[in-house]
Structures are given as C-alpha cells and as structure tokens.
Amino acid sequence: MSRRPLIGQRSWLRLPSAKIALVILAVVIFLSIFGSALAPQNPLTINANALFQGPSAHHLLGTDYLGRDVLSRLMAGTRLSVLTAFEAVGIGLVLGAPLGVATVFLGKWFDFAVNRVSDALMTLPYIFFAVAVTAALGNGLVQAMSAVGILLAPGFFRVTRAATLEFARAQYVEAAELFGASKLHVIRVHVVRKVLPTIAVTTAMSAAGALLAVSFFTFLGIGVTPPAPTWGGVLSSDLDYLSQASWAPFIPGALIAVTVGALNALADAFRDRVGPGAMPVPDPVIKTHSTLTQSDREATDARQTAA
Amino acid sequence: MAVIELTGVAGAIAPRRRRGRSVAAKLGGGLAVLVPIVVLSSFITYCLGALSNSNPAATILGQDAATPAAVAKLDRALGLDKPLVVQYWDWLTQAVQGHLGVSYFTQIPVSQSIGQRLPVDLSIALLAVVLAVLIGGTAGTVAAVNRGSWFDRGVTIACSVVSTLPAFVVGIILVVLFAVSAHLLPASGYTAPSAGVGPWLEHIILPSLALALQVAADIARQLRTSLVSVLDQNYIVGARVRGLPYRRVLVRHALRNACGPALTILGNDFPIMLAGAVAAEVVFSLPGLGQLLLAAAEERDIPVVQGVLLVVATFVIVVNLVVNTLLAALNRSADGVSA
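Chains V and S supply the protein sequences, listed in that same order.
FYI, the numbering for the first sequence is 1 to 307, going by this note's numbering.
FYI, the numbering for the second sequence is 308 to 646, going by this note's numbering.
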C-alpha cells in the first residue's frame with residue numbers, strides 16, 4: 001500500500017481548520033509539559049491586595065478571589081487535564097478497538113457476548129459511573145478517568161467492529177483467503193490499515209469528550225486537593241463570586257471550549273479523509289429486530305453465509 | 308458463493324413472510340437484547356460496591372465498637388458474608404420491588420432519598436428534552452429547507468460552537484446573563500410544581516436550557532444532514548410535481564423519513580443529558596440525584612451509590628426503549644409508504 005503524503009492534495013492537513021486545530025493542540029501539549037515551569041507567577045501565591053482584578057500588564061488574565069494569578073493557575077493546571085484525558089482515551093482505545101476487530105473473526109457467541117457488555121456499559125452515564133467508581137476505589141482523578149475510559153470503550157468497539165465488518169467482507173479479502181492467507185495476515189494487512197482512519201476519528205472525538213469530563217470532575221473537585229490548580233477548579237471558584245467578577249468564568253470556559261473545539265475540528269478533518277462528507281449514522285443503544293439498520297442486517301447476513 | 312445467491316433470492320421475496328413471523332421474532336429478539344443489558348448493567352453497578360475495600364460494618368460500628376465479633380455479626384445481618392452472586396441476586400430482587408437498601412450512615416431508606424430528589428432531575432431532564440427537540444428540530448429543519456442560506460451557515464457554526472461548551476459552562480454563562488446581570492430569573496434553588504407552575508418553570512428553565520443546548524446542536528446537525536438527503540429523493544420531487552403543498556410534503560413525507568437518526572441521537576445523548584443535569588444541579592444549587600451521589604461517594608455510602616446508579620441506568624434503558632419503539636414505528640410507516 002502506498003503511503004499518502006502528510007502534506008499534499010489529498011491530505012487531511014489541507015483543511016485550514018485542521019491546521020489551526022493542530023496549532024492549538026500543540027500549544028496545549030506544550031503547556032502541559034512546560035506550563036508550570038513557564039507560569040509567570042506562583043499559581044499558589046495569595047495576594048490579599050489584589051482580589052478580583054481584571055486583566056492587566058501584571059496579571060494578564062486577572063486574579064481570583066484569593067488574588068492568585070489566573071493565567072499561572074491555568075498554565076499550571078494544564079498537565080493534569082491533558083494527562084488524565086490521555087489516560088481515559090488510552091483505556092478506551094486499548095479495550096475497545098482490538099475487541100472490535102476480534103469479534104468479527106472469533107465467532108457468533110463471542111460477538112454476542114461482547115456486544116451485550118458494550119450495550120450495558122452504554123446505559124451507564126459517565127458522570128454517575130465515575131463518581132460511583134471513586135466511591136468504591138478511592139477519590140482520585142485517575143480512578144474517575146479510568147471509569148470514563150471504560151465507558152469510552154463501547155464507542156471504539158462499535159466503530160471498529162462496523163469498519164472491520166465492512167472491510168472483512170471485501171472481495172480482495174476473499175481472494176487473499178483463497179490464496180491461503182491466514183486470519184492474522186488478513187487482519188494485519190487488509191483490516192487494521194483500513195480501520196485506522198476510522199479509529200483516528202473516534203480517538204479525536206473521545207479525547208474531546210474526555211477533556212470535557214476532566215474539566216467537569218475538576219470543577220466538582222473530584223480527586224483534587226484544593227490549592228492545586230486545575231482548569232475546572234478555576235471555574236468553580238469563580239462561580240461563588242459571580243457578583244464580584246461576572247466576567248471571570250469566561251476565561252477558563254473559553255480555554256476548555258477552544259481545546260475541545262480543536263479536537264472536534266481534527267475529528268472532522270480525519271472524517272473527510274475517511275469518506276467525503278461522511279456523517280456517521282448514529283447507532284441506537286438498544287437495537288431490536290425492527291430497528292436494525294441496513295448495515296446491521298447485511299452484517300448478520302454475511303456472518304450467516306460465512307458460518 | 309451459491310449460499311450468498313440463495314440468501315439474496317430469499318431476501319428478495321422475503322417481506323411478506325418476514326412480517327408473518329415478525330411478532331414472535333421481535334418479542335424474542337427484544338428480550339434477548341434487553342435482559343442481558345439490564346442484568347449486566349445492574350451487575351456492574353452492584354460489583355462497584357463489592358470492589359471497594361471499604362469495610363461497611365466497621366464503618367457503621369465506629370472505631371471503638373468494631374470488634375471482630377461485632378463486625379462479623381453485622382456482616383451477617385447485612386448479608387455481606389454471602390457469595391457475591393447471591394448478594395447481587397438478593398439486592399436485585401429487592402430492588403425490583405422498590406427496596407434499595409438503607410444508607411450506612413443516615414439509616415434512611417435509599418429509595419426514599421432517591422424518591423425525594425428524582426422529581427428535580429426529572430423536571431429538568433423532561434423540559435430539556437422538550438427544549439432540545441424544539442430548538443434542534445426547528446433549526447435543523449429550517450436550515451435544511453434553506454440549504455446554503457445565511458441561516459443554514461449560521462446554524463452550522465452555532466452547532467460547532469455549542470458542541471464545544473460543556474453544560475456547566477453554559478449554565479454559568481446563563482446565570483451571568485439572566486440572573487446576575489439582568490435579574491430576570493432566579494440563579495439557584497428549586498420549587499416543586501405543586502407550589503405553582505410559574506415559579507417551578509422559573510427555577511428549572513435555565514438549568515434545562517443549559518443541558519438542552521448541546522443535545523439541540525446534535526439534533527439540528529443530524530436532522531439537517533438527513534433532511535437534505537431526503538429532500539433530494541425522487542419521491543419528494545414527485546410529490547411536489549403532483550401539486551401537494553410544500554408544507555405537507557415536508558412534514559408528511561420528508562420529516563417522517565428524516566427524523567430517525569435525530570431520534571437515535573436523542574436516545575444516545577440521554578446519558579449526556581443526565582451528566583448535564585448533575586452539572587446543572589451544582590451550578591444552580593438544586594437538590595437532585597447528583598448531589599445525593601456526590602455526598603454519598605464522599606462518605607463511601609455504598610447502598611446510596613448503587614441505588615442512584617441503578618435508577619439512572621434504568622432511566623437510560625427506558626428512554627432508549629421508547630426511542631427504539633418509535634424508530635420501529637417509523638420504519639414500519641416508511642415500509643408502508645414504499646410498499
């Protein structure tokens with residue numbers, strides 16, 4: 001398979017939105033590595049003489065209710081948000097994607113069982129599940145985000161399974177099998193490479209969802225020891241002082257929105273690459289005979305003929 | 308190869324026969340899907356409590372009274388000495404009858420605390436669904452009908468922006484706009500509908516809007532996409548050529564066939580709405596299920612945590628069953644139209 005150039009006519013990078021998104025994400029990742037070192041002031045220093053200050057030369061994004069520098073707090077809080085979001089997406093990817101490929105090749109019962117577990121996980125709302133997990137396993141952001149990762153897995157699983165079904169039924173796969181290609185060879189050469197772009201879309205979308213989840217957890221104060229700076233924490237401390245500084249929540253809010261927006265734009269760019277104008281048809285959580293989509297029916301038919 | 312052709316032929320002549328065996332197949336198929344989902348999601352819920360290495364009996368007794376004998380006795384009373392599966396089965400059979408156990412700390416029945424708080428979240432969620440369908444449906448339809456217009460482009464941009472904003476940020480923005488700056492609506496609190504529909508609506512409109520916007524954006528985007536492709540179909544052109552009024556064609560022919568994916572989105576987004584409800588509870592200080600769960604999680608009050616999670620998961624399943632039924636009805640009416 002010839003590799004497409006990273007920058008060229010058909011590359012996903014040709015979209016301006018994808019370029020802007022990459023720049024934003026690069027900045028966020030840079031901040032997550034060097035943010036606390038580069039912060040202009042100590043994010044924990046309290047200054048009683050500078051409460052609720054607006055943006056100024058000294059405090060570029062103003063100060064909070066304890067006079068702490070908001071810019072420094074946001075910069076220092078980046079690492080925790082990004083790392084735990086990566087954690088959740090990583091867990092979802094590792095649990096979901098390989099199973100999505102495996103269910104297509106490992107027989108009907110395995111497929112049925114994994115599908116039902118995936119359906120069951122989809123009925124658990126992430127915030128309730130994550131809070132319940134922190135109750136069981138201890139109050140920590142790592143625990144909460146691993147719960148989110150487990151709930152992201154069904155998304156990876158369904159998408160990968162659908163894409164694998166599509167490619168595993170292609171004529172060239174049939175031809176390869178006639179020539180004696182093993183299942184592993186087919187998966188490695190014909191399936192995984194084709195499925196990767198679809199997984200990339202899901203990864204970017206899940207990362208956006210995970211980032212929203214982290215900011216919500218830090219907003220609620222789950223797994224955070226109070227003086228430690230986080231994106232959501234800055235927001236929640238602003239909430240109590242809206243009458244003094246009603247503009248304050250817009251800064252962390254915008255930071256979260258821009259990062260999530262960049263990830264969504266990246267997902268859109270990947271999706272254009274997968275198929276022009278492809279808008280995924282949503283997959284119902286509960287599917288019975290009468291609401292199976294056309295592709296589901298084809299998949300069942302294909303499996304029956306293969307058996 | 309021959310097998311494939313055979314099923315192809317069978318598929319071609321199947322519709323009549325398929326309808327004949329459909330009732331039993333549908334019921335059986337539905338149960339085969341539903342029962343494992345209910346059992347698995349409740350089992351996952353129950354196992355969370357068992358996973359915790361907390362020692363409920365010792366916690367309840369307190370440090371001084373927690374002698375090994377007393378702990379063992381209380382464990383027996385709570386049924387915690389039985390195997391996990393037996394414990395789960397006892398819990399589930401009790402739960403089906405409405406008994407979710409008793410809080411380790413307050414000794415208040417879990418179903419009672421949940422019953423007190425559920426109306427808050429139900430009010431918000433219900434109004435949010437209505438708002439999401441109204442806003443998203445209208446925006447999506449108007450955008451698809453006026454494809455390429457400034458309104459269409461505006462909807463697309465608004466959807467992209469809204470989908471980056473989590474419910475708690477939207478909630479804070481709404482508080483700033485309508486409560487802090489304009490003093491139009493209360494910024495916090497809840498009034499039961501029994502105290503008057505006006506005050507009730509006043510208190511839940513902002514939280515509902517906060518969690519409806521993201522779902523509305525999803526619905527608008529999905530409806531626009533599917534409506535645009537339906538409006539290009541020949542039967543729409545045909546209906547127009549036959550002289551049917553445009554509004555009738557749009558509602559009877561196009562929307563009916565285009566709203567399936569948007570309906571699916573509503574079912575898929577329902578868990579997101581519940582997460583938004585927790586956010587709204589915090590932002591608007593509403594006494595809802597989320598607050599109950601957060602407090603219980605901090606104390607490791609496992610029966611409360613399990614109860615809340617079970618109730619919430621049940622709601623997700625019920626909503627998705629309704630969505631599934633509506634989708635099936637839509638499919639049937641679409642089949643009826645094409646037949």
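All C-beta atoms in this analysis are idealised placements derived from N, C-alpha and C, irrespective of residue type, glycine included.
Being a predicted model, the structure only gives us computed values, none of them experimental.
Going straight from the alpha carbon of residue i to that of residue j, what length do you get?
i: A37 of chain V; j: L80 of chain V; result: 14 Å
i: V117 of chain V; j: A153 of chain V; result: 11 Å
i: A228 of chain V; j: F270 of chain V; result: 36 Å
i: G277 of chain V; j: G405 of chain S; result: Low local confidence applies: a pLDDT of 48 at G277 of chain V is under 50, so the model's placement there is unreliable, and no value is given.
i: R169 of chain V; j: A635 of chain S; result: 28 Å
i: S72 of chain V; j: V28 of chain V; result: 14 Å
i: L99 of chain V; j: P226 of chain V; result: 39 Å
i: N115 of chain V; j: L338 of chain S; result: 15 Å
i: L151 of chain V; j: T164 of chain V; result: 21 Å
i: M325 of chain V; j: G574 of chain S; result: The question about residue 325 of chain V has no answer here: the residues shown for chain V are numbered 1 through 307.
i: A376 of chain S; j: A135 of chain V; result: 26 Å
i: L106 of chain V; j: A213 of chain V; result: 34 Å
i: V630 of chain S; j: Y126 of chain V; result: 20 Å
i: G444 of chain S; j: A451 of chain S; result: 11 Å
i: H190 of chain V; j: R161 of chain V; result: 14 Å
i: S349 of chain S; j: T374 of chain S; result: 33 Å
Under a Cβ-count criterion, where at least 16 other Cβ atoms within 10 Å of its own Cβ denotes burial, should residue i be classed as buried or exposed?
i: L491 of chain S; result: exposed
i: V504 of chain S; result: exposed
i: T413 of chain S; result: exposed
i: F128 of chain V; result: buried
i: V23 of chain V; result: exposed
i: T400 of chain S; result: exposed
i: G422 of chain S; result: exposed
i: Y395 of chain S; result: buried
i: L538 of chain S; result: buried
i: V94 of chain V; result: exposed
i: F216 of chain V; result: buried
i: N42 of chain V; result: exposed
i: Y497 of chain S; result: buried
Residue i: which of the options sits nearest, CA to CA?
i: A204 of chain V; options: V:A85, V:A39 and V:V70; result: V:A85
i: T218 of chain V; options: V:A207, V:S206, V:G232 and V:V173; result: V:G232
i: Y649 of chain S; options: S:L557, S:T532 and S:A432; result: In the structure as shown, chain S begins at 308 and stops at 646. Residue 649 of chain S is therefore absent and cannot be evaluated.
i: H234 of chain V; options: V:F52, V:V260 and V:A18; result: Looking at the sequence provided, one finds Val at residue 234 of chain V rather than His. The option with the nearest alpha carbon to V234 of chain V is V:F52.
i: I415 of chain S; options: S:L637, S:N638, S:G614 and S:R639; result: S:G614
i: S17 of chain V; options: S:L399, S:I464 and S:P390; result: S:I464
i: I512 of chain S; options: S:T352, S:V436 and S:T571; result: S:V436
i: L562 of chain S; options: S:N638, S:S495, S:P514 and S:L341; result: S:N638
i: A147 of chain V; options: V:E87, V:T103, V:V285 and V:F105; result: V:E87
i: P493 of chain S; options: S:L481, S:G478, S:S501 and S:H510; result: S:H510
i: G209 of chain V; options: V:T259, V:D272 and V:A248; result: V:T259
i: M580 of chain S; options: S:D608, S:V623 and S:A376; result: S:V623
i: A424 of chain S; options: S:E606, S:I609 and S:Q598; result: A small fix is needed here, since residue 424 of chain S is Arg in this sequence, not Ala. Out of S:E606, S:I609 and S:Q598, S:Q598 has the C-alpha closest to the C-alpha of R424 of chain S.
i: S418 of chain S; options: S:L633, S:S592, S:V630 and S:V611; result: S:V611
i: V619 of chain S; options: V:L15, V:L124, V:H190 and V:L211; result: V:L124
i: E166 of chain V; options: V:A181, V:L178, V:G140 and V:R193; result: V:R193
i: C566 of chain S; options: S:N627, S:F577 and S:Q529; result: S:Q529
i: V469 of chain S; options: V:I256, V:Q143, V:R273 and V:N49; result: V:I256
Go to residue i, then tell me how far its alpha helix (DSSP H) extends in each direction, as first and last residue.
i: R73 of chain V; result: V70 to F105
i: P514 of chain S; result: V504 to L538
i: P16 of chain V; result: P16 to L38
i: P43 of chain V; result: No alpha helix (DSSP H) contains P43 of chain V, which DSSP labels as neither H nor E.
i: L573 of chain S; result: R563 to V590
i: A667 of chain S; result: An answer regarding residue 667 of chain S cannot be provided, because it is not within the stretch 308 to 646 covered by chain S.
i: T374 of chain S; result: T374 of chain S -> no alpha helix (DSSP H), and no H or E assigned at all.
i: G140 of chain V; result: Unbroken run through G140 of chain V: none, as it is neither H nor E.
i: N115 of chain V; result: K108 to M122
i: V452 of chain S; result: V417 to V452
i: Q171 of chain V; result: Q171 to L178
i: G545 of chain S; result: N541 to V548
What three-state label does DSSP hand residue i in the structure shown?
i: L634 of chain S; result: helix
i: V195 of chain V; result: helix
i: T284 of chain S; result: Past the boundaries of the shown model lies residue 284 of chain S; chain S is included only from 308 to 646, so the question cannot be answered.
i: F224 of chain V; result: With the sequence shown as reference, residue 224 of chain V is identified as Val, and Phe is not the correct amino acid for it. In the structure shown, V224 of chain V sits in coil (DSSP, three-state: anything other than H, G, I, E or B).
i: V133 of chain V; result: helix
i: P390 of chain S; result: coil
i: V403 of chain S; result: helix
i: V285 of chain V; result: coil
i: T230 of chain V; result: coil
i: T471 of chain S; result: coil
i: T63 of chain V; result: strand
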